[in-house]
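Input: a single structure, listed below in structure tokens.
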Amino acid sequence: MTRGRPDHHDPTAGFGGAPPAYSALTLRIVLAAFGVCVCTAGAVAAALLDRPGWCVALAVLAAIAVVDLVIVIRRKRAGEPG
626 MTRGRPDHHD PTAGFGGAPP AYSALTLRIV LAAFGVCVCT AGAVAAALLD RPGWCVALAV
686 LAAIAVVDLV IVIRRKRAGE PG
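Read in order, the letters of the sequence shown are residues 626 to 707 in this note's numbering.
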């Protein structure tokens, strides 16, 4: 049994001898982790500077980054290449 699902995201893979495209899951993990760190730090700084609007906005963005991080890690553990 092969791991992963090549050509899963690339409906044109194999046409004209092109190699299948793979999702950049590792890059997405790094970027999502960076987003969590930056947005969390920004939310804390905004809370300390008494900027409730910025604090809420950055906290929401941090939560979105956490959800993305969880989804991408689950896909990677399922064997998807990238």
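Using N, Cα and C, we set each Cβ at its ideal position, and we do this for glycine too.
* **Boundaries of the alpha helix (DSSP H) in which L652 is found, first to last residue** => Translated into positions along the sequence shown, residue 652 becomes position 27. Element bounds for L652: L650 to L673.
* Asked: How long is the line joining the alpha carbons of M626 and V669, rounded to whole angstroms?
  -> Sequence index remark: in the sequence shown, residue 626 carries index 1 (1-based). Sequence index remark: in the sequence shown, residue 669 carries index 44 (1-based). A caution first: M626 carries a pLDDT of 44, below 50, which makes its placement in the model unreliable, though a value can still be read off. C-alpha separation (whole angstroms): 47 Å.
* Asked: Roughly how many whole angstroms lie between the Cα atoms of D675 and R702?
  -> Position 50 of the sequence shown, counting from 1, holds the residue named residue 675. Position 77 of the sequence shown, counting from 1, holds the residue named residue 702. In this structure, the CA atom of D675 is about 41 Å from the CA atom of R702.
* Give the single residue among T651, G660 and V655 whose Cα lies nearest to the Cα of V685. => Position 60 of the sequence shown, counted from the start, is the residue given in the question as residue 685. When only C-alpha atoms are compared, the closest one is G660.
* Which value, in whole angstroms, describes the spacing of the CA atoms of V681 and V697? -> Looking up residue 681 in the sequence shown gives position 56. Looking up residue 697 in the sequence shown gives position 72. Rounded to whole angstroms, the gap between the alpha carbons of V681 and V697 is 24 Å.
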